[in-house]
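Here the working numbering is used: the first residue of the sequence shown is 1348, the next is one more, and so on.
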Amino acid sequence: MRRNHLAAILVVSVFTWVVIIYMILYDRPHHSSVISPEAGYNLGKLEAQIKEEYKANAQLLSDVQKVLESQKENNRVLAEEKAVQDEEERKEDERRLQAASGPEVIAVLVFSCSRVTVTRCLDQLIKYRPNPERFPIIVSQDCQHQATSDAIDAYSEQVYHIKQPDQSEIYVPPKEKKFRGYFKIARHYGWALNQTFFVYNFSTAIIIEDDLDVSPDIFSYFLSTLPLLRQDPTLWCVSAWNDNGKYDLIDVDSPELLHRTDFFPGLGWMLTKDVWRELSVKWPARLVQSNRISKSPRITINL
């Protein structure tokens, strides 16, 4: 009986404890914040503004993308029109040059890249040439340097302006990396000489670099030596440059004297189509050894 009484007291105590705990937890105030009506209104307003701003930004981004696409399309159209115009000008120059070529016409081929001072050389050539029809000036430009291109174009019909089209990176053997510039120059020379002789059909060309100052008698010099170049099969060019043509090394009383040399004195030289036909197939893998020599003046004709 006593044991049942203790069990009843224990059950009542546990039940009472559970009830007390429940009442304590139920009546405890919640810790969640209570938002006032004004704060709720402001939050809703802010949320609406954020949505509007996001919508406006999305529209702005879409408009910018449309403008960029439009500009891209305009640039593409302009580039295509420019390419068509350039091609038409190239074909027109080609027709004019082919019409200008002849047995006694000597093309003056000026090699240019990125020197706007090419104008100094062109001014001298135009000034000293005795006959524009006999000595048409062709400026072959590499590098796509716009300022230089504009300077050449300013001469209008006084010169022909052609551009080397292959601007890709040229392959250079690993051991010859330091000569990369020479490989590019060789590519330019090969292309321009092929154009001059095989496309424009000139039989003779005078090669001039764009930084040369030429003598007033340079054209009479080449005219006088052209028969020698044509008649002597052991000659491959006539040069207007003499590395040893300093005042104290020459006979100033014999300006008409010519020298034969197996060293190529470039810097203003003349060659024929027949010689280039032989050289072009070997150009520019290695220096050409053709058992020919050059002819240069006693006194240098250009600087």
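All C-beta atoms in this analysis are idealised placements derived from N, C-alpha and C, irrespective of residue type, glycine included.
Please read all numbers here as calculations on a predicted model, not as lab measurements.
Three-pair Cβ contact test at 8 Å for the stretch 1432-1447 versus the stretch 1534-1554
yes
Quick check: the Cα distance between Thr1299 and Ile1473, rounded to an integer number of angstroms?
This structure does not reach residue 1299, given that the chain is present from 1348 up to 1650, and the question cannot be answered.
Leaving out the 5 sequence neighbours to the left and right, which residues in its chain are closer than 8 Å to Lys1333 when beta-carbon positions are compared?
Because the chain in this structure spans residues 1348 to 1650, residue 1333 falls outside the shown range and cannot be described.
With H, G and I counted as helix, E and B as strand and the rest as coil, what does DSSP make of Ser1487?
The residue you call residue 1487 lines up with position 140 of the sequence shown. Strand at Ser1487.
In whole angstroms, what separates the C-alpha of Val1561 from that of Gln1505?
Locating residue 1561 in the sequence shown gives position 214, counting from the first residue. Locating residue 1505 in the sequence shown gives position 158, counting from the first residue. Taking the straight line from one Cα to the other gives about 18 Å.
Is there contact here, the stretch 1404-1422 with the stretch 1511-1530, by at least three beta-carbon pairs under 8 Å?
no
Let me check one thing: in DSSP terms, what residues is Arg1462 bridge-paired to?
Along the sequence shown, one-based indexing puts residue 1462 at 115. According to DSSP, Arg1462 bridges with nothing at all.
Using the C-alpha atoms, what's the distance from Ser1503 back to Arg1630?
Here residue 1630 refers to the residue found at position 283 when the sequence shown is read from its first residue. Here residue 1503 refers to the residue found at position 156 when the sequence shown is read from its first residue. It should be noted that the sequence gives Trp, not Arg, for residue 1630. Their Cα atoms are separated by approximately 32 Å.
Sequence-distant residues of its chain with Cβ nearer than 8 Å to Thr1464 (five each side left out):
Indexing the sequence shown from 1 puts residue 1464 at position 117. Cβ within range, chain order: Asp1557 and Asp1558.
Check whether the Cβ atoms of Leu1456 and Ala1552 sit closer than 7 Å, and answer yes or no.
Working through the sequence shown from its first residue, we reach residue 1456 at position 109. Working through the sequence shown from its first residue, we reach residue 1552 at position 205. Yes, the Cβ-Cβ distance between Leu1456 and Ala1552 is below 7 Å.
Ends of the alpha helix (DSSP H) at Tyr1388?
Counting from 1 along the sequence shown, the entry for residue 1388 is found at position 41. Per DSSP, Tyr1388 belongs to the alpha helix (DSSP H) from Pro1384 to Ala1447.
Which of helix, strand or coil does DSSP assign to His1535?
Within the sequence shown, residue 1535 is the residue found at index 188, counting from 1. His1535 falls in the helix class under three-state DSSP.
Residues bridged to Lys1510 by DSSP?
Residue numbering aside, residue 1510 sits at position 163 when the sequence shown is read from its first letter. Lys1510 is bridged to Gln1488.
Would Thr1363 be called buried (16 or more neighbouring beta carbons within 10 Å of its own) or exposed?
On the sequence shown, residue 1363 is found 16 positions in, with the first residue counted as 1. Exposed: under 16 other Cβ atoms inside 10 Å.
Coil, strand or helix - Val1452 by DSSP
Taking the sequence shown and counting its residues from 1, one reaches residue 1452 at position 105. Val1452: coil per DSSP, three-state reduction.
Starting from the N-terminal side, write out each stretch of the alpha helix (DSSP H) that is 4 residues or longer and does not extend beyond the stretch 1513-1601.
1527-1541 and 1565-1578
Given Thr1619, which residues of its chain have a CB within under 7 Å of its CB, disregarding the five upstream and five downstream residues?
For this step, residue 1619 is matched to residue 272 along the sequence shown. For Thr1619, where only same-chain residues beyond five positions count, the Cβ hits under 7 Å are Ser1550, Thr1551, Leu1576 and Arg1577.
In DSSP terms, what Leu1618 is bridged to:
For the purposes of this step, residue 1618 is taken as residue 271 along the sequence shown, with counting starting at 1. Paired residue(s): Ala1552.
Rank Val1628, Ile1509, Arg1527 and Gln1471 by C-alpha distance to the C-alpha of Ser1459 and give the top, closest one.
The residue you call residue 1459 lines up with position 112 of the sequence shown. The candidate whose alpha carbon is nearest that of Ser1459 is Ile1509.
Buried or exposed: where does Gln1636 fall if 16 or more other Cβ atoms within 10 Å of its Cβ makes it buried?
For the purposes of this step, residue 1636 is taken as residue 289 along the sequence shown, with counting starting at 1. Any reading at Gln1636 needs caution, since the residue's pLDDT is 46, under 50, leaving its predicted position unreliable; the model's value is listed next. Under this definition Gln1636 is an exposed residue.
To the nearest whole angstrom, what separates the beta carbons of Ser1487 and Ala1539, a pair I think is in contact under 8 Å?
For the purposes of this step, residue 1487 is taken as the residue at position 140 of the sequence shown. For the purposes of this step, residue 1539 is taken as the residue at position 192 of the sequence shown. 4 Å between Cβ atoms; contact.
From Asp1598 to Pro1520, what does the alpha carbon distance come to, in whole angstroms?
To locate residue 1598, count along the sequence shown from 1; it is residue 251. To locate residue 1520, count along the sequence shown from 1; it is residue 173. Rounded to the nearest angstrom, the two C-alpha atoms are 45 Å apart.
Might you give, ordered along the chain, the residues of its own chain that have their beta carbon closer than 8 Å to the beta carbon of Asn1422, omitting 5 neighbours on each side?
In the sequence shown, residue 1422 corresponds to position 75, counting from 1. If we look at Asn1422 and ignore the five residues flanking it on each side, it has no Cβ neighbours.
If you drop the 5 nearest sequence neighbours on each side, which residues of the same chain put their C-beta closer than 6 Å to that of Glu1625?
For this step, residue 1625 is matched to residue 278 along the sequence shown. Correct list: empty, nothing qualifies.
Can you have a look at Phe1390 and say buried or exposed, based on whether 16 or more other CB atoms are within 10 angstroms of its CB?
In the sequence shown, residue 1390 corresponds to position 43, counting from 1. Before going further, note that residue 1390 is Leu rather than Phe in the sequence given. Exposed.
Cβ shell of Arg1481 (< 8 Å), same chain only, five flanking positions each side left out
One-based indexing of the sequence shown puts residue 1481 at position 134. Only Glu1451, Val1452 and Ile1453 meet the Cβ criterion.
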